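Just below is one structure, and these are the notes that go with it.
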Amino acid sequence: MKRILATAALLIGAYAANAQTKATTPETAKLDSLMKLSQRYVNAQQPDSLYALMGNDFKKQISLEQAKQITTQIHDQLGSWNSHELKSVTDGVAKYRAIFANAPLDVYISRDAEGKIYTFLFQPAKD
């Protein structure tokens, strides 16, 4: 009986620690909102709307035409973007696991001082 209680306490402690590392902060809530909008615009094939979420530094690196090509490729090759889950946040950059119809991807996102997207990077999912 003591062994069962000790195991249960350990599992509850591990669950609580995991919940704390993924706790919602004001910054992660804002990043999650940007991820939801990104998902909506990728699925609706609205690259103009997605590009409007980007900050000036991002736009200096990637043009609207390039963003359109990337958005089209992602949608055509991976299918619908079904869901995403926050995995970690390091130095203001959040890592999400995005689940598409055909494959998962890791998506990195951060915000600039104006609240616009600064980092927006898709990579093959790593476990």
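For the sequence shown, the residue numbers in mature numbering (1 follows the signal peptide of the UniProt record, and there is no 0) are -19 to -1, 1 to 108. In this text, a Cβ means the ideal position worked out from N, Cα and C, and glycines have one as well. Being a predicted model, the structure only gives us computed values, none of them experimental.
Quiz item: If you scan the segment 4 to 77 from start to end, which runs of the alpha helix (DSSP H) of 4 or more residues do you find wholly inside it?
Solution: As far as the segment 4 to 77 is concerned, its whole alpha helix (DSSP H) runs of at least 4 residues are 7 to 24, 28 to 33, 37 to 42 and 45 to 59.
Self-check item: Coil, strand or helix - Ala106 by DSSP
Solution: Coil at Ala106, not helix or strand.
Quiz item: Would Thr2 be called buried (16 or more neighbouring beta carbons within 10 Å of its own) or exposed?
Solution: At Thr2, the pLDDT of 45 sits below 50, so the modelled position is not reliable; the number obtained from the coordinates is stated separately. So Thr2 ends up on the exposed side.
Exercise. Give every residue of the same chain whose Cβ lies closer than 6 Å to the Cβ of Phe103, excluding the five residues on either side of it in the sequence, and list them in chain order.
Key: Within its own chain, the residues whose Cβ lies closer than 6 Å to the Cβ of Phe103, once the five positions on either side in sequence are excluded, are Leu86 and Val88, listed in chain order.
Quiz item: Taking the alpha-carbon positions, what's the Lys40 to Thr5 distance?
Solution: So the two alpha carbons sit approximately 28 Å from each other.
Quiz prompt | Test item: CB-CB of Gln20 and Thr52 under 8 Å | solution = Against a cut-off of 8 Å, the Cβ pair of Thr52 and Gln20 comes out as no contact.
Quiz item: What are the boundary residues of the beta strand (DSSP E) that His93 is part of?
Solution: Inspection of the sequence shows that residue 93 is occupied by Asp rather than by His. Per DSSP, Asp93 lies in no beta strand (DSSP E) and is assigned neither H nor E.
Self-check item: Burial state of Ile(-16) (16 or more Cβ within 10 Å)
Solution: Unreliable placement is indicated for Ile(-16), whose pLDDT of 43 sits below 50; the coordinate value is still reported in the next sentence. Classification of Ile(-16): exposed, given that the 10 Å Cβ count is below 16.
Quiz item: Taking DSSP as the reference, what is the three-state secondary structure of Ala79?
Solution: If DSSP states are grouped into helix, strand and coil, Ala79 belongs with the strands.
Quiz prompt | Strand pairing of Tyr89, partner residues [DSSP] | solution = The partner list for Tyr89 (beta bridge, DSSP) reads Lys76 and Leu102.
Quiz prompt | Of the residues Leu34, Ser30 and Glu46, the one placed nearest Phe101, counting alpha carbons only | solution = With distances taken between Cα atoms, Phe101 lies closest to Leu34.
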